[in-house]
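Working notes, beginning with the structure itself.
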Amino acid sequence: MSEGKKKIALVGNPNSGKTSLFNALTGMNQKVGNFPGVTVDKKVGGFKDSSGKGYRVIDLPGIYSLSPKSLDEDVACKVLFQPEAQEHPDGVIIVIDASNLKRNLFLATQVIDLGIPAIVALNMSDIAEKSGVSIDNKALEEKIGVPVMAINAKSKEGVSELKDRIDELQPGKVTFFSPSDKMKKLGNDLLKDILNVDHDYRAFKLSVSINRYSWLEDKQNALNRAFSDLDINPKKEEILEISERYRKIGKILPFVMAEVAPGDGPKAITAKLDKYLTHPVYGFIIFVAVFFLLFQAVFSFAAYPMDMIDYAFGWLSGAVMDALPSNMLTDFLANGIVAGIGGIVIFVPQIMILFGLVTLLEDTGYMARVSFMNDRFLRSVGMNGRSVVPLVSGFACAIPAIMAARNIDNWKERMITIMVTPLMSCSARLPVYVFLVGFIVPEEYYFGFISLQGLFMLGLYLLGLLLGIGVAWVFNLVLQNKVQSSFILELPTYRAPRWGNVWTSMINKGYTFVTEAGKVILIISILLWGLSSFGPGDAMQKVDEKYDKMAQTEQHTPQHIETMRNTEKLENSYAGIMGRAIEPAIQPLGFDWRIGIAVVTSFAAREVFVGTMSILYSVEGEADNIQALKEKMKNSINPRTGEAYMSIPTASSLLIFYVIAMQCMSTLAITKRETNSWKWPILQFSYLTVMAYVASLITYQALV
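Be aware that the sequence shown starts at 128, since it is given in the working numbering, and climbs by one per residue.
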């Protein structure tokens, strides 16, 4: 055993209650990080038994076998197979769903054959009994050769007793599979040297499934030569293992399972609900209704805390300005650091609420049905059913949506999902849409209640969705992937949500966003502050001198002078120079330099567009004077064209640009984090910018 606290790994099938047991064992004594080199969540916690002895526990990703088919499963297998791995456990708790004993025992027997000290946590026995099955724990313990404990992870029944039996962890007394004579010969002669392992079953499993293990790519050629020399077919050997395991499991089941009178249990209820929830017509209608309510809830529930955070950081920024001397350092603290942190924290309510609601749907079993219903269509454009959650979540916020894509097993489908998610119109675009639609569509209603402007905005959302599907189809043709995609999905029984899981998910996702993507956002926020606050030479000083003299004349109110000062400073700043520099490139789109600056600054957050335009047009108090801003923009004439700066063609072009262009720097940061590379966010930013430019150009030129 390792020195200090023993390391215990939780291993089990998806939906076996493994994560619920992890939460029951650790409470809030847990943290979420990443496994080295990948973006797979690593949940680590601690607990003590009744004697006060401490243990370190890691919740491995759910797997069905030791032959990985996804990044999550690959990571779990690496931890179990490699004694030198950082998280290799001293022992494992194998979590088994009692209502699916046969399937769960397949993984359990594989882990036992690895020789790692183990104990089985038999979960959901109550569900099994309601389905007409009773399991004899003592008989099961005798047949599989490791301790067996009945628990209920949801109610925490048996969890304390399980903690006290951790010291009984022991290697299995029963061997469930023995490699063929050819494989034994290979193992004795060569295999253990190639793979650097000293255990028969580990050597066998790593060799026959070597193409599935990312960390063994450099060993593949040597193993393939060895297989060829001894005329061994690794796929055939793997099939023999599967057959042998299920044969032995089939012999065990009659001794450990007994039939009892079934009730109207979860499986019967599930069958009745699925008649409607997975129906081709009713199921789709229910799906649309559920997600409509979900996003209404995200908008409604997040609005108040986001307003509070916005107000709090606005107050804090003002307090810093009032408390400290008026100089560049104070401005940096108030408008760089404080505003930058505020730009991170303000997203947290949306992220926590969205992931809380998605976890709730996952816990009930409904999310698996959503993936099942949409898989066929999404597969035709290079994604799969698991892409539904990121795509739909993108209508609230691309940041948690892209984070949700990590649940997609296939690399290619995950990348395509991440690359097209920004085309879903997020909530931050809504203020821009509302503002610009007013220049194009009159405020009229059909039948007294159907808003023409509302229908137009619905069209913008649908446009983003359709473009996303089209781009996904293109990426599907371009991206190459050696691994054949498959979508095998278990439809779990419906069950009541585990509120502890929901709360833990909310906390973990919020923490992950703040600590990971937040660092990049803060750096870019400070950079944008610098670009907006400084200019070449003494340009900014001259602006201050000009308006200091104007203040002495008392011809304007102090507030109006400050607004004009800020407008001219922004125009002469590096950000303003950037706006002037890009004006020749954006003029064909109908944009002037002010819109150029607003487009640049709104990369921090899309909502910034309206505020920037308010400053540039010297409108005091954007919240109370949106209509005044609209009137001023309509009445400002472009001398080059003789038309208003914000005409219908310009507003239409700008709307199309915002529908397509990269959402914000937060999205770029989270794409970098999730792909662990700058290549993908650069490609994402580039293709969206080019596509937005071309679409805006066509729109403007067609309307003028």
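C-beta atoms are modelled at their ideal positions from N, C-alpha and C, and glycine is treated no differently.
Asked	Found
Contacting residues, own chain, Cβ-Cβ under 6 Å from proline 298 (five flanking each side not counted)	Gly242, Pro244
Buried versus exposed call for proline 569 [16 or more other C-beta atoms within 10 Å across all chains shown]	exposed
Beta-bridge pairing of phenylalanine 174 - partner residues as DSSP gives them	Tyr182
Residue range of the unbroken beta strand (DSSP E) whose run includes alanine 136	133–139
Buried or exposed (CB count within 10 angstroms, at least 16 for buried), threonine 826	buried
Proximity winner among Leu592, Pro407, Phe304, Asp327, relative to isoleucine 366 (alpha-carbon distances)	Phe304
Alanine 790 burial status per 10 Å Cβ neighbour count (16 or more: buried)	In the sequence under discussion, the amino acid at residue 790 is glutamine, which differs from the alanine named in the question. That one is buried.
Length of the line joining the Cα atoms of isoleucine 293 and lysine 133	10 Å
Cutoff 6 Å; reference tryptophan 720; Cβ partners in own chain excluding five residues on either side	Gly706, Arg707, Glu710
Outcome for glycine 748 when other beta-carbon atoms lying within 10 angstroms are tallied against a minimum of 16	The predicted position of glycine 748 is uncertain, since its pLDDT is 41 and thus under 50; a value taken from the coordinates is nonetheless stated next. With fewer than 16 other Cβ atoms within 10 Å, it is exposed.
Other residues of its chain near methionine 818: CB distance less than 6 Å, five sequence neighbours each side excluded	Ile787
Phenylalanine 149 classed as buried or exposed, judged by whether at least 16 other C-beta atoms fall within 10 angstroms	buried
Selection from Phe562, Gly597, Gly467 that minimises the alpha carbon distance to methionine 551	Gly597
Proline 163, buried or exposed, once every other Cβ within 10 Å from all chains shown has been counted against 16	Bear in mind that the predicted position of proline 163 carries a pLDDT of just 41, short of 50, making it too unreliable to give a figure here.
Assigned exposure category for isoleucine 271 - 16 Cβ within 10 Å defines buried	buried
Local conformation of isoleucine 262 per DSSP, three classes	strand
Which listed residue (Ala678, Asn699, Glu698) has its alpha carbon closest to that of glutamate 689	Ala678
For alanine 385, three-class secondary structure by DSSP	strand
Per-residue DSSP class, three states only, for valine 247	strand
Isoleucine 567 versus serine 813: straight-line alpha-carbon distance, rounded	29 Å
Length of the line joining the Cα atoms of glutamate 364 and valine 238	18 Å
Buried versus exposed, by CB contacts within 10 Å (16 or more), glutamine 811	buried
As assigned by DSSP and simplified to three states, the class of glutamate 284	strand
Methionine 276 - partner residues in DSSP beta bridges	Ala248
Which of helix, strand or coil DSSP assigns to isoleucine 535	coil
Classification of glutamine 347 by the beta-carbon crowding that lies within 10 angstroms, buried from 16 upward	exposed
Segment limits, alpha helix (DSSP H) that includes aspartate 224	Counting along the chain, aspartate 224 falls outside any alpha helix (DSSP H), though it belongs to the beta strand (DSSP E) covering 218–224.
Residue environment, tyrosine 431, which counts as buried when at least 16 other CB atoms sit within 10 Å	exposed
Isoleucine 187 burial status per 10 Å Cβ neighbour count (16 or more: buried)	Note that residue 187 corresponds to leucine in the displayed sequence, not to isoleucine. Leucine 187 comes out buried.
Euclidean distance between Cα positions of alanine 416 and valine 727	37 Å
Test item: CB-CB of isoleucine 190 and alanine 203 under 7 Å	yes
Alpha-carbon to alpha-carbon, isoleucine 809 and glutamate 489	32 Å
Straight-line gap, alanine 750 to phenylalanine 640 (C-alpha atoms, nearest Å)	Its pLDDT being 41, under 50, alanine 750 is placed unreliably by the model, and the measurement read from it follows with that caveat. Cα-Cα distance, rounded: 29 Å.
8 Å contact criterion, which alanine 523 and leucine 481 should meet: CB distance rounded	5 Å
With 16 other Cβ atoms within 10 Å as the buried cut-off, status of arginine 503	exposed
Bridge partner(s) assigned by DSSP for glutamine 790	Answer is none; glutamine 790 lacks a bridge partner.
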